[in-house]
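These notes concern the structure reproduced below.
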Amino acid sequence: MSDVYDLPRLEKLLKAQNINKKINFYTSTESTNLLASQTSSDEIFLADHQSNGRGRRGKTWITPSGQSIALSVSHRFQAPLAELAGLNIAVAVAVIKTFNHFGIEGFFLKWPNDIYGDNGKVGGILIEASGNQVNSRAIVGIGLNWCVDQALQQDISQKHMNIPTKNLDKTNFVAQLIIQLEKTFKEFNNNQLNLLMSIWNQYDKYRNQQVQIIQGDSHTLAKYLNITSKGELLVKIGNETKTISAGEVSMRKVD
2 MSDVYDLPRL EKLLKAQNIN KKINFYTSTE STNLLASQTS SDEIFLADHQ SNGRGRRGKT
62 WITPSGQSIA LSVSHRFQAP LAELAGLNIA VAVAVIKTFN HFGIEGFFLK WPNDIYGDNG
122 KVGGILIEAS GNQVNSRAIV GIGLNWCVDQ ALQQDISQKH MNIPTKNLDK TNFVAQLIIQ
182 LEKTFKEFNN NQLNLLMSIW NQYDKYRNQQ VQIIQGDSHT LAKYLNITSK GELLVKIGNE
242 TKTISAGEVS MRKVD
């Protein structure tokens with residue numbers, strides 16, 4: 002048994018919701034998403050420590066031992082690969098639903114894949130999808146700061162913060178996170194993205210505000226209007242309305 006997760010209890014909580022995916026726990030690994038990519042079956046990967054956690058645009062997500070949640074869940078969809086556009090919106094909503102389940106308030110979403118509180122970033126999402134014109138598979142990686150040491154947070158260039166974990170059991174939290182993910186996968190597969198987007202909009206703090214669109218060394222001032230049904234950013238640049246896909250682009254609020 003892990004000293005971080007009660008794995009038998011986690012399995013029991015998931016089976017009670019008819020979630021029977023194999024749970025793989027690692028005390029230390031390079032990346033849970035990498036592990037998930039090495040199997041063709043739908044499984045759950047948890048790690049206490051990641052030496053090279055993967056983030057968007059090749060960035061590394063720091064996962065110190067016992068201080069973070071490093072979770073990857075693989076799932077097959079009976080839908081073409083192109084239809085997985087917007088899955089990042091659905092997964093972010095699943096994280097917020099998990100927070101709500103435990104009464105955790107004061108957090109919001111930042112396109113395309115970040116969870117923030119007023120004091121900084123609490124987590125991020127990395128989705129790696131593959132497939133064809135008939136079926137597809139997504140590896141959904143979620144990293145959340147559980148109790149990251151303050152000194153370590155100060156060494157990170159971007160402001161970070163932890164989930165408020167007082168009276169919060171880590172096994173129960175991760176179980177609920179996986180449950181919400183599996184529910185979201187079903188909703189997404191049943192074309193209920195509009196419902197999920199309405200929840201996203203409630204937690205989208207930067208909507209209707211001035212932002213910077215960043216691509217490499219290029220910074221473009223824009224007004225953030227909305228998110229499209231494909232999970233794209235809808236912005237107004239000058240007098241022109243444009244859609245921007247995540248790709249190599251990021252967004253920052255103009256202070």
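Take any residue in the sequence shown, note its place counting from 1, add 1, and you have its number in the numbering used here.
Glycine included, each C-beta is placed from N, C-alpha and C at the ideal position.
>> Let me check understanding here. Comparing Cα to Cα, which of 138, 51, 38, 177 lies closest to residue 83?
In response: Numbered from its first residue, the sequence shown carries residue 83 at position 82. It is 138.
> Ordered along the chain, which non-local residues of its own chain (more than five positions away) have a Cβ less than 6 Å from that of residue 113?
Replying inline: On the sequence shown, position 112 is the one that residue 113 refers to. Around residue 113: 89, 247.
>> For the beta strand (DSSP E) containing residue 342, name the first residue and the last one.
In response: Residue 342 lies beyond the range of the chain shown here (2 to 256); nothing can be said about it.
> How is residue 12 classed by DSSP in three states: helix, strand or coil?
Replying inline: By 1-based counting over the sequence shown, the position of residue 12 is 11. Here residue 12 sits in helix by DSSP.
>> If distances are taken between C-alpha atoms only, which option among 186, 187, 171, 255 comes closest to residue 69?
In response: Position 68 of the sequence shown, counted from the first residue, corresponds to residue 69. The option with the nearest alpha carbon to residue 69 is 171.
> When burial is assigned at 16 or more other CB atoms within 10 Å of the CB, is residue 163 buried or exposed?
Replying inline: Along the sequence shown, one-based indexing puts residue 163 at 162. Its Cβ being crowded by 16 or more others within 10 Å, residue 163 is buried.
>> Excluding the 5 residues flanking residue 253 on each side, which residues of the same chain have their C-beta closer than 6 Å to its C-beta?
In response: The residue labelled residue 253 in the question sits at position 252 within the sequence shown. Only 213 meet the Cβ criterion.
> Cβ of residue 87 within 8 Å of Cβ of residue 187?
Replying inline: The count along the sequence shown starts at 1 and reaches residue 87 at position 86. The count along the sequence shown starts at 1 and reaches residue 187 at position 186. Their beta carbons are not under 8 Å apart, which means residue 87 does not touch residue 187 by this criterion.
>> Please identify the residue among 92, 140, 250, 243 whose C-alpha is closest to the C-alpha of residue 217.
In response: The count along the sequence shown starts at 1 and reaches residue 217 at position 216. Closest by alpha carbon: 250.
>> Helix, strand or coil, according to DSSP, for residue 44 in the structure here?
In response: Here residue 44 is taken as the residue at index 43 of the sequence shown, counted from 1. Strand at residue 44.
>> Which runs of the beta strand (DSSP E) at least 3 residues long sit entirely within the region 198-227? Give them in chain order.
In response: 211-216
> Whose C-alpha, out of 6, 28, 38, is nearest the C-alpha of residue 127?
Replying inline: As a first step, residue 127 must be located in the sequence shown, where it is residue number 126. Minimum Cα distance to residue 127 is reached at 38.
> Taking three-plus beta-carbon pairs below 8 Å as touching, is the region 119-126 in contact with the region 218-227?
Replying inline: no
> Which one or two residues does DSSP pair with residue 106 in a beta bridge?
Replying inline: By one-based count along the sequence shown, residue 106 stands at place 105. DSSP lists no partner for residue 106.
>> To the nearest angstrom, how far is the alpha carbon of residue 24 from that of residue 36?
In response: Locating residue 24 in the sequence shown gives position 23, counting from the first residue. Locating residue 36 in the sequence shown gives position 35, counting from the first residue. About 12 Å.
>> Suppose you measure from the CA of residue 97 to the CA of residue 135; what does that come to, to the nearest Å?
In response: Taking the first residue of the sequence shown as 1, we reach residue 97 at position 96. Taking the first residue of the sequence shown as 1, we reach residue 135 at position 134. Going by the C-alpha atoms only, they are around 30 Å apart.
> So is residue 51 buried or exposed if we call it buried at 16+ other beta carbons inside 10 Å?
Replying inline: Here residue 51 refers to the residue found at position 50 of the sequence shown. Residue 51 is buried by the Cβ-count criterion.
>> With H, G and I counted as helix, E and B as strand and the rest as coil, what does DSSP make of residue 233?
In response: Within the sequence shown, residue 233 is the residue found at index 232, counting from 1. Residue 233: coil per DSSP, three-state reduction.
> Going by Cα to Cα distance, which pick from 44, 6, 8, 165 is closest to residue 108?
Replying inline: For this step, residue 108 is matched to residue 107 along the sequence shown. For the set 44, 6, 8, 165, the Cα lying nearest the Cα of residue 108 is the one of 165.
> Tell me, which residues are paired with residue 252 by DSSP?
Replying inline: Counting from 1 along the sequence shown, the entry for residue 252 is found at position 251. Per DSSP, 214.
> Which two residues bound the contiguous alpha helix (DSSP H) that contains residue 38?
Replying inline: For the purposes of this step, residue 38 is identified with residue 37 of the sequence shown, where counting begins at 1. Run containing residue 38: 33-38, per the alpha helix (DSSP H) assignment.
>> So, at 6 Å on beta carbons, what are the nonlocal neighbours of residue 22 in its own chain, with the 5 sequence-adjacent residues on each side left out?
In response: For this step, residue 22 is matched to residue 21 along the sequence shown. Closer than 6 Å at the Cβ level, and outside the excluded window around residue 22, lie 43, 44, 45.
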